[in-house]
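In terms of UniProt numbering, the sequence shown opens at residue 1 and continues consecutively. Below is one structure, written out as structure tokens; the observations come after it.
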Amino acid sequence: MSNSFFFCQAEKNHSNQDFIEKIERYAVENKEQIYLISKPLGDSRYSYEYESALVVLSPKRKITFIDFGEGGPDFTDFIEDFIEDLSSVSDKYRYKDAIGRPRSWRKSLVTEVESEEPDQFDSWSSESHLTDPAKQRIAELLVSLLTGSINDIEKVQATLPASLLDKVKRKILLFDGDQTRFIYEKPKSDIIRIQGLSGTGKTELLLHKLRDLYVNHSESKIIFTCHNKILAEHLRRRIPDFFNFMKVEEQIAWNQRLWCFHGWGSGADVNSGAYRLICSKYKLQFRPYSSVMTFDRACQEALVQIPNDAPAYFDYILIDESQDFPESFIELCRRATKESIYVAGDIFQSIFDANIAPNISPDHLLSKCYRTDPRTLMFAHAIGMGLFEEEKLRWLEDEEWAACGYKVEKKLSGSLYRLTRDPLRRFEDIDEGIPSVILEEVEGKFISAASTSIVNAIRDLASENPTLQPEDIGVIILDKNNNAFSLADNLAVRIPRELNWPVNKAHETKQKIPGQVFVSNKNNVKGLEFPFVICVSETINRGYVYRNSLYMTLTRSFLQSRMIVSATNNKEILNQISIGLNQINQRGVIEVRQPSEEEKAKIKTTIRIAGTAMSFFDMADRAFNELEILPIFRESLLVALKKIIGEEPDYENIKETSLYMYEKMLRSQV
């Protein structure tokens, strides 16, 4: 069985079968992360003559060597060689200064189980436990080295963190079983698909897979691509930093062994896009974008034109944000690739995407969101989908709930759904009594009242968390732009004056600035995360774009989200939402009535109509008219908008970005 709590590198045989099956069952039942390996993961240089031993790794346990063979000197040599190689890996990633040499931890953190033991599983279970938190932390760092889940030792450190904020910030992150399988298992087909919610670590896994392929297949030619040009440029800048962090010794041979660019490209530069480069390799006519030439059509034409006997030019292609691409592009990449392509995409980008079920049969399904406390994610889904309200905005079928990481329990003949999520190691240090989401109602004039509430909340957080920094806080305002800007301006005055912390109005700077409190509307938070998020919304309306923005905003936090709303404007639904939130905070459960079949049909119909009501062009054209943008600028502005925003039908984002870019265009004409 495939599960996120267990990973086994070794081949199962008659001698180890009983142990492997027992320990896998234990991992699942106890939700304990366990790895069975025969050599350090992530580096093909390590191998051993003795093949009848396994190494059991688990956080808060000793590294345990299990012998399934004849034992004796061969088993002893295996242990010595393995620890010597572990020491080498520790030195490579600069862990040694923090955790010491093996002689300082071997006696207390390593144990052995001989083949003569009557029950090897019981011996492992009883002999491997660690109770000293300091030793547990060193053991976790050793596990991270052996599984290739390398942490920045300068950030996580080997010493025990004191405050709750530092415990989460400095948590030693480990790949789970699903993530480890994606990185290290040999592909079983020429297309390997990985899907998950936003925040499940898909891009990070692709980077680790890229490093694995680049290092262990020294002559390989690899493309890393995504749809969005800005994201592609970000990835190209990030890859050298990631390779340096992972101590990759080879220089990156850009445009010879490795290409990183967006999907389409331009005619002027062969190395500007995946489709453009493939056209060049096969001597095909490159098709630029036009009103009659979509990317899907361009890729379909290319597929038809490539001869059946034409060779594949690339060894591997990695595709991020695959939900933005047509299937014809995936097929074109497959045609141009000798070995495998790795395709990573979101289960949904919006909680109101019409189709989830057709997308949940990938090779690797990542259902755990490691960025966000499970309780925060549950509340974000619930309020986004309107689950606490009489008329729900969204409902998922059982397999869709499972794909999103929920355990479904039905009561009252199936009419009552009880939804829960598995706990995450990253948040195990958080006291269950501390709420993951705080819902705060304010009275009076909203901007003034919300401003006071925000300043007080930041003051309290600073008092409770002595190591809190200004950039640890994100204030995100969901209201219409005029109100959002007014509140942001108010905070830009009050926070420096009352708390002596500078404010970054990110809707103006378009970036996150260290040492400053992040304040923005909803349009500038994609890809960001904060320990604490303060979400501000005067009115909780039922618009789909609004509810999806609310869901996305709440999940930007990895410690706590606070939602500030008007008591007057939301009195009809606040009581229901508060009851639902209390159940999540106190019991970690969503309890919700299943809609009738008629209600489900109505929900689907409404979502379908909303999704087709206005095209991107129509929204942009409406925004141009409202902003009185001169016709001479409209075509170039439309092209730029699509590159920056993508095809997301969010009118407010289109209008705001249009105004910002139009003003820049006008200034450039002066």
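The beta-carbon is built from N, C-alpha and C at its ideal position, and this holds for glycine as well.
Are the beta-carbon atoms of residue i and residue j separated by less than 9 angstroms?
{"i": "residue 562", "j": "residue 533", "result": "yes"}
{"i": "residue 61", "j": "residue 139", "result": "yes"}
{"i": "residue 149", "j": "residue 156", "result": "no"}
{"i": "residue 478", "j": "residue 451", "result": "no"}
{"i": "residue 519", "j": "residue 504", "result": "yes"}
{"i": "residue 552", "j": "residue 380", "result": "yes"}
{"i": "residue 37", "j": "residue 109", "result": "no"}
{"i": "residue 117", "j": "residue 75", "result": "no"}
{"i": "residue 70", "j": "residue 115", "result": "yes"}
{"i": "residue 78", "j": "residue 372", "result": "no"}
{"i": "residue 201", "j": "residue 377", "result": "no"}
{"i": "residue 180", "j": "residue 7", "result": "yes"}
{"i": "residue 177", "j": "residue 4", "result": "yes"}
{"i": "residue 375", "j": "residue 292", "result": "no"}
{"i": "residue 221", "j": "residue 258", "result": "yes"}
{"i": "residue 676", "j": "residue 588", "result": "The chain is shown only over 1 to 670; residue 676 falls outside these bounds and no answer can be derived."}
{"i": "residue 471", "j": "residue 516", "result": "yes"}
{"i": "residue 412", "j": "residue 592", "result": "no"}
{"i": "residue 460", "j": "residue 164", "result": "no"}
How big is the Cα-Cα spacing for residue i and residue j?
{"i": "residue 261", "j": "residue 183", "result": "22 angstroms"}
{"i": "residue 435", "j": "residue 464", "result": "14 angstroms"}
{"i": "residue 15", "j": "residue 33", "result": "23 angstroms"}
{"i": "residue 663", "j": "residue 215", "result": "47 angstroms"}
{"i": "residue 227", "j": "residue 186", "result": "26 angstroms"}
{"i": "residue 421", "j": "residue 489", "result": "39 angstroms"}
{"i": "residue 634", "j": "residue 280", "result": "32 angstroms"}
{"i": "residue 198", "j": "residue 467", "result": "28 angstroms"}
{"i": "residue 105", "j": "residue 87", "result": "11 angstroms"}
{"i": "residue 23", "j": "residue 513", "result": "46 angstroms"}
{"i": "residue 658", "j": "residue 299", "result": "30 angstroms"}
{"i": "residue 627", "j": "residue 324", "result": "29 angstroms"}
{"i": "residue 141", "j": "residue 158", "result": "8 angstroms"}
{"i": "residue 27", "j": "residue 97", "result": "32 angstroms"}
{"i": "residue 65", "j": "residue 126", "result": "14 angstroms"}
{"i": "residue 603", "j": "residue 398", "result": "16 angstroms"}
{"i": "residue 326", "j": "residue 229", "result": "16 angstroms"}
{"i": "residue 528", "j": "residue 204", "result": "14 angstroms"}
{"i": "residue 596", "j": "residue 476", "result": "35 angstroms"}
{"i": "residue 313", "j": "residue 45", "result": "27 angstroms"}
{"i": "residue 124", "j": "residue 449", "result": "58 angstroms"}
{"i": "residue 152", "j": "residue 137", "result": "14 angstroms"}
{"i": "residue 541", "j": "residue 535", "result": "14 angstroms"}
{"i": "residue 491", "j": "residue 457", "result": "13 angstroms"}
{"i": "residue 441", "j": "residue 537", "result": "10 angstroms"}
For residue i, which residues of its own chain have a beta-carbon under 8 angstroms away from its beta-carbon, when the five flanking residues on both sides are left out?
{"i": "residue 190", "result": "334, 337, 339, 340, 341"}
{"i": "residue 578", "result": "439"}
Could you pull out every residue in the same chain whose Cβ sits closer than 7 angstroms to the Cβ of residue i, ignoring the five residues on either side in sequence?
{"i": "residue 666", "result": "none"}
{"i": "residue 278", "result": "302, 332, 336"}
{"i": "residue 350", "result": "548"}
{"i": "residue 494", "result": "451, 455"}
{"i": "residue 647", "result": "Because the pLDDT of residue 647 is 47, which lies under 50, any placement of that residue in the model is unreliable, and the number read from its coordinates should be weighed accordingly. Excluding residues within five positions, the ones whose Cβ falls inside 7 angstroms are 616."}
{"i": "residue 362", "result": "193, 194, 195"}
{"i": "residue 389", "result": "573, 576"}
Within its chain, find whatever has a CB closer than 6 angstroms to the CB of residue i; leave out the 5 residues flanking it on each side and keep chain order.
{"i": "residue 235", "result": "260"}
{"i": "residue 43", "result": "none"}
{"i": "residue 623", "result": "654, 655, 658"}
{"i": "residue 443", "result": "567"}
{"i": "residue 102", "result": "83, 87"}
{"i": "residue 508", "result": "none"}
{"i": "residue 13", "result": "none"}
Examine the ligand FAD and report whether any of its heavy atoms sits within less than 8 angstroms of the Cβ of residue i.
{"i": "residue 23", "result": "Among the ligands in the structure shown, none appear at all, so the ligand FAD cannot be discussed."}
Fully enclosed by the segment 294 to 378, which beta strand (DSSP E) runs are 3 residues long or longer?
-> 314 to 319, 337 to 346, 364 to 366
Any 3 or more C-beta pairs closer than 8 angstroms across the segment 70 to 86 and the segment 35 to 53 = yes
Do the segment 283 to 298 and the segment 190 to 199 meet, that is, are 3 or more Cβ pairs less than 8 angstroms apart?
-> no
Indicate whether the contact test is met: 3 or more Cβ pairs, each with one atom in the segment 568 to 580 and one in the segment 489 to 504, closer than 8 angstroms.
-> no
Jot down the residue ranges of each uninterrupted beta strand (DSSP E) in the segment 470 to 556, minimum 3 residues, whole runs only, in chain order.
-> If we require 3 residues or more, the beta strand (DSSP E) runs fully inside the segment 470 to 556 come out as 473 to 477, 503 to 505, 517 to 521, 530 to 537.
Answer yes if the segment 167 to 175 comes into contact with the segment 311 to 328, meaning at least three C-beta pairs across the two stretches below 8 angstroms, and no otherwise.
-> no
Could you tell me whether the segment 303 to 318 touches the segment 237 to 246, using the rule of 3 or more Cβ pairs below 8 angstroms?
-> The segment 303 to 318 is not in contact with the segment 237 to 246.
Should the segment 579 to 586 be called in touch with the segment 402 to 412, which here means at least 3 C-beta pairs below 8 angstroms?
-> no
Which runs of the beta strand (DSSP E), 3 residues or longer, sit entirely within the segment 584 to 646?
-> Correct list: 590 to 593.
Which full runs of the beta strand (DSSP E) of 3+ residues lie inside the segment 13 to 80, going along the chain?
-> 34 to 37, 53 to 57, 63 to 67
Those runs of the beta strand (DSSP E) which lie wholly inside the segment 428 to 453 and span at least 3 residues | 437 to 442
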